[in-house]
Structure formats: C-alpha cells, structure tokens
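Chemist:
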Amino acid sequence: MPIDILMPALSPTMEEGTLSKWLKKEGDQVKSGDVIAEIETDKATMEVEAVDEGTIAKLLVPEGTENVKVNTKIAVLAAEGEDASAVSSAPAEAPKAEAPKADAPAAAEKPAEAAPAPVAAAPIAVQVAADPDIPAGTTFVSTTVREALRDAMAEEMRRDGDVFVMGEEVAEYQGAYKVTQGLLQEFGADRVIDTPITEHGFAGLATGAALAGLKPIVEFMTFNFAMQAIDQIINSAAKTLYMSGGQLGAPMVFRGPNGAAARVAAQHSQDFSSWYSHIPGLKVVVPYTAADAKGLLKAAIRDPNPVIFLENEILYGQHFDVPQLDDFVLPIGKARIHKPGKDVTIVSFGIGMTYATKAVAELAEQGIDAELIDLRTLRPLDIDTVIESVKKTGRCVTVEEGWPQNSIGSHIASELMEKAFDYLDAPVLKVTGKDVPMPYAANLEKLALPNVGEVVAAVKAVTYR
Amino acid sequence: MAVAKAKVGSKSAPAAGRKTAAVKSAKPTAAENFSKEQELYGYREMLLIRRFEEKAGQMYGMGLIGGFCHLYIGQEAVVVGMQMAIRTGEDQTITGYRDHGHMLVAGMDANGVMAELTGRRGGYSRGKGGSMHMFSREKQFFGGHGIVGGQVSLGTGLAFANRYRKNDNVCLTYFGDGAANQGQVYESFNMAQLWKLPVVYIIENNRYAMGTSVSRSSAQTDFSRRGLSFGIPGEKVDGMDIRAVKAAGDKAVAWCRAGKGPYILEMETYRYRGHSMSDPAKYRSKDEVQKMRTEHDPIEQVRARLMEKGWATEDDLKKIDAEVREVVNNAAEFAQNDPEPDVSELWTDIVK
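Sequences listed follow chains S and D, in order.
31 is the number of the first residue of the first sequence in the numbering used here; add one for each residue after it.
4 is the number of the first residue of the second sequence in the numbering used here; add one for each residue after it.
1) Do residue 109(D) and residue 144(D) have their C-beta atoms within less than 7 Å of each other?
2) From residue 32(D) to residue 268(D), what distance separates their C-alpha atoms?
3) Indicate whether at least one CB of chain S lies closer than 7 Å to the CB of residue 111(D).
4) For residue 34(S) and residue 81(S), what's the separation of their Cα atoms in angstroms?
5) Can you round the beta-carbon distance between residue 313(S) and residue 409(S) to whole angstroms, since I take them to be within the 8 Å contact cut?
6) Quick one, are the C-beta atoms of residue 212(D) and residue 241(D) less than 7 Å apart?
7) Going along the stretch 36 to 55 of chain S in order, which residues come within less than 7 Å of chain D, judged by CB to CB distance?
8) Any beta-carbon of chain S closer than 7 Å to the one on residue 294(D)?
9) On a CA-only basis, which of 307(S), 289(S) and 371(S) is nearest residue 318(S)? Give me that one, please.
10) Which runs of the beta strand (DSSP E) fall wholly inside the stretch 262 to 296 of chain S and span at least 3 residues, in chain order?
11) The beta strand (DSSP E) spanning residue 409(S) covers which residue range?
12) Excluding sequence positions up to five away, which residues of its chain have a Cβ less than 8 Å from the Cβ of residue 70(D)?
13) For residue 360(S), which residues in chain D fall below 7 Å Cβ to Cβ?
14) Nearest CA to the CA of residue 345(S): which residue from 256(S), 166(S) and 323(S)?
15) So, using beta-carbon positions, are residue 352(S) and residue 178(S) closer together than 7 Å?
16) Report the residue from 58(S), 400(S), 431(S) and 258(S) whose alpha carbon sits nearest the alpha carbon of residue 233(S).
17) Using the Cα positions of residue 345(D) and residue 124(D), report the straight-line distance between them to the nearest angstrom.
18) When you compare the CB positions of residue 36(S) and residue 101(S), do they come within less than 7 Å of one another, or not?
19) Give every residue of the same chain whose Cβ lies closer than 8 Å to the Cβ of residue 61(S), excluding the five residues on either side of it in the sequence, and list them in chain order.
20) Using a Cβ-Cβ distance cut-off of 7 Å, determine whether residue 238(S) contacts chain B.
21) Give the DSSP bridge partners of residue 179(D), in chain order.
22) Applying a beta-carbon distance threshold of less than 7 Å, which residues of chain D neighbour residue 273(S)?
23) Using a Cβ-Cβ distance under 7 Å, would residue 193(D) count as near chain S?
24) Just how far apart, CA to CA, sit residue 74(D) and residue 334(D)?
25) Following the continuous alpha helix (DSSP H) through residue 322(S), name the residue where it begins and the one where it ends.
26) If you check the beta carbons only, do residue 235(S) and residue 222(S) fall under 7 Å apart?
27) What do you reckon, are the CB atoms on residue 273(S) and residue 278(D) nearer than 7 Å?
28) What are the residues of the stretch 92 to 112 of chain S that lie near chain D, defined by any Cβ-Cβ distance shorter than 7 Å?
29) Would residue 293(S) be called buried (16 or more neighbouring beta carbons within 10 Å of its own) or exposed?
30) Between residue 355(D) and chain S, is there a C-beta pair that is closer than 7 Å?
31) Determine the closest residue to residue 500(S) out of 295(S), 59(S) and 493(S), with distance taken between C-alpha atoms.
32) Assuming the contact rule is C-beta atoms closer than 8 Å, residue 141(D) and residue 314(D) should be a hit. Round their C-beta distance to whole Å, please.
33) So the candidates are 412(S), 372(S), 238(S) and 358(S); which of them puts its Cα closest to the Cα of residue 441(S)?
34) With C-beta atoms as the reference, is residue 443(S) less than 7 Å away from residue 429(S)?
35) Taking the C-alpha atoms as reference points, what is the distance between residue 23(D) and residue 198(S)?
36) Chain S partners of residue 164(D), CB-CB under 8 Å?
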C-alpha cells in the first residue's frame, strides 16, 4: 500500500501553513527520520521528517504553496517493493480529522457536597450553642488550641503507623510554636522529622511519600513560608488525583499558623484562606476553638485528600472546652451555629471569630440578636447553613482578617446573591483586613486589622439601626 | 518506638559514612557485553519506543493529539538500560513530561498510553491527564509531571517512603539538564543524602533545555558533579550505549539498595526531534543532529552488534520490526476509535 504524507500540524494552534521547500524529489529513497520538507507555521519554519520508509512516488503540493491546510495530502510514498511510478496521484485535499464526541450535551452541575447543619433552637443571648456533633452529657476539659492540636496528632499517630509529622523544628526543638511538643519522645525520630529550611523541597518530598501511600503531616513554621512550596501543594498534591483519573492521590495534611501574628510586618502577616480555598482538589479547614482544632485535625489526617489546615498563632494559647471522648472526630465541610439569633447573620471563621463573638455580645446589649456562624471549613464550603440562616434573618455580615478583594466574604456575598436574593433585606457587608501590606508600627497594624467596632457598625448598617 | 534507634531525621544520628570532602566524581562504569537475550530485549524495547514516538508525532500532525507532545526519539537507551537494572513492579520510576518511553519500558500498555495522548476514555488517566500526566500503581510508575523539576522532590519522597517502610526498593528519578538548575533539585539532594534515601537521580542530558544549550544555561556543565557538595557520588554515562547505561544503573541501584543513599547518573544523550512538536530546533545545526544519528544511534549500535555476532539475521530483525509496528499500529487504531471520556468525568476524581 502506498503511504500518504499529510500536511502536519506543528503547533497547538496551527491550522494551515506554507510548504516552503521540498528536500526530496520524486524517486528519492527516504528513511524514517529523513527531513523531507520545510514548512512555515504560524510560529516558525519547521522541518518535517519522514515517519515511514520508501520511495517518493509523487509530490502533490509544489513548494512555495501557501495556506496548505493541515492534513492535506502533500506527497505519496511507495513502500518497499512497490513500483513508485505506478502509484497514482490522488487529489490533494484535506480530510477532516474528527475526534469522536461524547454524547451528552453539557456537564451537570456538581452536586452540593455538604448537608445543612442542624440549627440549634432556643436563642439565649450570647450563650454559645452546643455542637450537635458532640453527644449530650459529654464532659469537657479546658484545653488550649495548642494542646488540642498536639493531642490530635498524637492520637492519630498511635492509631496509624503511616502517619508521620515533618517540618522545621518539629522534633528536637519541640515545635517552633510548641505544637509538636512531646511527639519526638513518644514516636521517635523516624516519625517526627526535623527538616532543613527548604519548604519547596520538603513539601514535594512529603507529597511523593503520600503518593506512595503514607500519610504525612507537613508543618509549615508559618504559612507565609508555604508560598515557597505552593507549586507542590497545588500542582502535585491537589491535582494528581484528577490527572491520574483517580489512580493516585495525596492523603496528607499541610498545617501551621496562618494570618497575622503581632508586629512581624508584611512578609510574616498574611491570611491565605481565600488562596487555598480557590483550588479544586484541596480541602481547607480553619478552626477557631480547641474542640474544633482537635476534632477537625483528626478528620484531616484520616481524609484521603490533601487538607490545608490553617491555624493561628494568637489562638494557640487560648483555652476552650474540649470534649473528653476516646475518639473525637468532627466532619469536614460542616459549619456550626456558634450562637443562634434572629436579627442578622454574622459569618466568620478562625481568628475572625474573636471579633465576631465580642461584637455579638456588644450587639446583644444594644438589643440586636445576631446569629453567629463559624464556617470551620472553607472548602468544601457549607453555604447551605449560611443560606438557611439568612432566610431567617434577611441580613448578613462577614468577618475575616484577609484582604477584601476575592475574599471569603466576597464569595459568600456572591453565593447569597445567587441563592438567597429574595430573602435579603439589605446588601451583604464584609468586614476584612485593610487592602494594604501589614505595617509594622503598632498603631498602623491595629488599623490594618478588622476590629469589633467595624463589625458592630456593619451590623447596624444592615439592620438599619 | 525506641528513640535511640531512630535514624531518619535525627540530628544526633552518627555522622558515619559522610565523607563529603573526600567524594569525587565516581569513575565511569565500563560497559559490559550483553548476552544475545539482552541485546534482543534492548533492541525490541528501544524500537518499540521509537516507533511509538514516530507514530505519536504523525498523529499529532493529523490533529489527533493536542497540546504539548514531547518525543523521546534518540534517548531510548537511557530508559531501557535503566529498566534492565531494576526490579519491575517494585522499584519506582518518576519523570517529567518527556515520559512516553519511561511508561512503555515499565510495561505499561501501548494502547492505554496512546489513548491518553488522544484524550480517550481508555487512556491511563481516562483522558484527563494527556501526554504529560500518566501513572500506573501496578507498574510503580508515578508520572508524568509537567512542572520542570517538580518530580525531583516527589521522587525523593517516594524513596523516603521506601526508607520509612524499611524495604529495599529504589526510586529512579529522571530529569533533564534544564531541570538540573531548579532550586528544589538541590533541596532534594540535601535531604536525600542527609537521610540516606534510596534514590537514583538520572539526569538525561540531551544538551538542550528547550532551546538553550547546556553551555548557555549552566555554570557547571558536568552534571555528574552536581551532587558533590552534598557528598553524593555521580558519574557520566554514555547514554547512547545501552550496555553502559545498564552497567552504571546496576552500580547505582546496588548502592541505593545497600542503604548508602542517593546516586547521580548523568546520561549523555540526544533528542533527535525538537523540544516539543512546535519547536523548529533552529538552535542547533543539522550536522550535529545528523552526526548523532549516523554515528551514535542507540538502536543502530545494538543492531550492528546483533548482525556482527551472528545473533540475528536481517530477516530476524525485520520480523521484530514488523511485530513492533503491529503493536504501535494497534495502539494508534485503538486510540482513534476509543470514545472520548463521558462528560460526567469532568466532575470525578477531584476529591475522594
């Protein structure tokens, strides 16, 4: 059978080109790999090599021809043992290379992942609502967020030998913020691993270990330094499950303090909540209380996906009641009504809750009964709990430390526009960090962060008081 | 767990065996003669890769393969020789985006690879990865990565998992002369040597990082020496001679299996085609390409030895060629007729 040589596409965007030069003439022998022609594409002049061996029987498109469509027959090759002169010259035309199309017309919307959380009843001013995921009658122990995180890791490491923790100063130093205190003593240096200061490298190394089936907990001394590693987090950890058609994933946790600390200036004070929550393939958890820190970190370690677990240095030392249960695991992707109310919905997460809770108390004194939702997870986002609340209150204010543009608050406002427009009695307002790099000076730093007064003012604005 | 016996990551671990100052580039390992079976295996595997890649290039030209497509033609001896040095299905392999040859020699099915190139449901990633992103847990092939140098830390992590699990598997981590200048490569070298991880870093030096020649991009052009400041031994290998690759691979893999840490092999090789399908390769002379093809072609070298030793006749080799072409043609056929992924696949495998 004679072999047709077609006009090749030599770039992702090329549709036609100029056959500038033939380097073989009719009757010439060609071997695979021989350059047979030069073709000018939309980007460059390229050489075309023969794939098959044989004798050039016919050149169908003369050199110098412009606008030769991709896939046009440009020459015919007689295979070994065939008579080149006998090969007929078929007309040069461009058959369409059509890829078969899958039948259904359009992709279906991804179903909402999280079920709405049950709304606690009986609004009592400023009393914190019980977590419906904690059984009634449970005893609570006052614990710092720092201890709760450590306990979560220790419990999971006892439970599963594939879980290990690595990061800068996590072992012998006992943690830069003492979150890993005591882990080296209990689990040894095989499982509590001090790394060099190479975030990109160890985030990639841990991701490789996760692809092999281990369950790493990567501690970033702070998330500011994770920007060095963000390529591995997003391009390797978050995307491999999809790119592999479900064959391989990265069951791991990236955790550490996130957001502004105090007086450490612009490079060390930044909230990455909205950055990571943008990425399909990641889960993003931002706990506020010690109980949530513990229950959600245990869930994150068990989760088969890469989980970004954003802690906060200022919260590490704060005490909260943590349930005394043998195995306390909370569901990822579920917001919690921190305090029920009827006049306005305040939505916050992480350190933002410190402003929100104080504002709720102040508002109660002024006769405004606010419902406060702690999102706890930013991806998958439990927007249903927010919508249910707004259906009741008709008003929403969001509170976070991150920058205003493309913030979590911006996203919630947009979701409420789409899904609860008819229930809104006022525009959604967001209280955020100011749109500036974090200044060092104490007075300026204070101004750059949100404050309780701004939350109260926003609530008054949406309740028209 | 006993703290005192822990080794990985412990700052108090004894420094025995670290002779950073004394390490020099290892002497090149001499190529050893192959048996008839080895020559025939090498011939067939290399030919399969070459014919597969030629077909892929042709199908790209027909618009059946989209996006980026990086062909491996010219470099075949590297992956085939290294595969002969490892335990298939146990030792891991990871590489960058010029990955078709690595997959085929690992034993991945040509149909599945070609169907991934055409973006069809029978592809290794069900059409969702493409040329640069394929994986096989069964064959211990971990991709297929598109960010230059990204696979180096990942491969170091695969080796870390071997250490953690206390098995003696080794991870082959391939990257190019271009990736060798990325920062995370040295972060990985440091950790691999610090923790004595079983990883062979195989630098496929094909002389050009896309269009920038080694001499224009690299202060230290001897890549085998790139690990010296970490005390990682390295050697230069004639990457066009499958026997030299296999011999060096044996040595490096044995080093890793023995728990001595990482090893660097610089494979001096050459790609005949452009960086990708849209690269006209104007940065090098035709004579240079032609010289490599005529004087150093990895397949021709084996072919000549087979003929010279009387281990195969012209007809025997033609038969192998025909068999290989059939595999490739079947793959091309399958990859064109297999349907595109169902539209529901858009929403699958995002999270588990």
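Positions of the beta carbon are idealized from the N, C-alpha and C atoms, including for glycine.
Modeler: Walking through what the data contain:
1) With respect to the 7 Å criterion, residue 109(D) and residue 144(D) are classified as neighbours on the basis of their beta carbons.
2) 10 Å
3) no
4) 11 Å
5) 6 Å
6) no
7) Those residues of the stretch 36 to 55 of chain S that come within reach of chain D (Cβ to Cβ, closer than 7 Å) are 36, 38, 39, 40, 41 and 42.
8) no
9) 289(S)
10) 282 to 287
11) 407 to 409
12) Result list for residue 70(D): 133 and 134, in chain order.
13) None at all; the shortest Cβ gap to chain D is about 18 Å.
14) Put simply, of 256(S), 166(S) and 323(S) the residue whose alpha carbon is nearest the alpha carbon of residue 345(S) is 323(S).
15) yes
16) 258(S)
17) About 8 Å.
18) yes
19) For residue 61(S), where only same-chain residues beyond five positions count, the Cβ hits under 8 Å are 80 and 83.
20) The question asks about chain B, but that chain is absent: this structure's protein chains are S and D.
21) 207(D)
22) 128, 131, 132 and 136
23) yes
24) 16 Å
25) Residues 320 to 332.
26) One thing to note: residue 235(S) has its Cβ no nearer than 7 Å to the Cβ of residue 222(S).
27) The Cβ atoms of residue 273(S) and residue 278(D) lie no closer than 7 Å to each other.
28) Correct list: 100 and 101.
29) exposed
30) It does: the Cβ of residue 355(D) has a partner Cβ on chain S nearer than 7 Å.
31) Given a span of 31 to 495 for chain S in the structure shown, any question on residue 500(S) remains unanswerable.
32) Rounded, the Cβ-Cβ distance is 32 Å, inconsistent with contact.
33) 412(S)
34) no
35) With a pLDDT of 44 at residue 23(D), under the threshold of 50, the modelled position of that residue is not reliable, and the figure given next carries that caveat. For residue 23(D) and residue 198(S), the distance between alpha carbons rounds to 24 Å.
36) 238, 239, 242, 243 and 244
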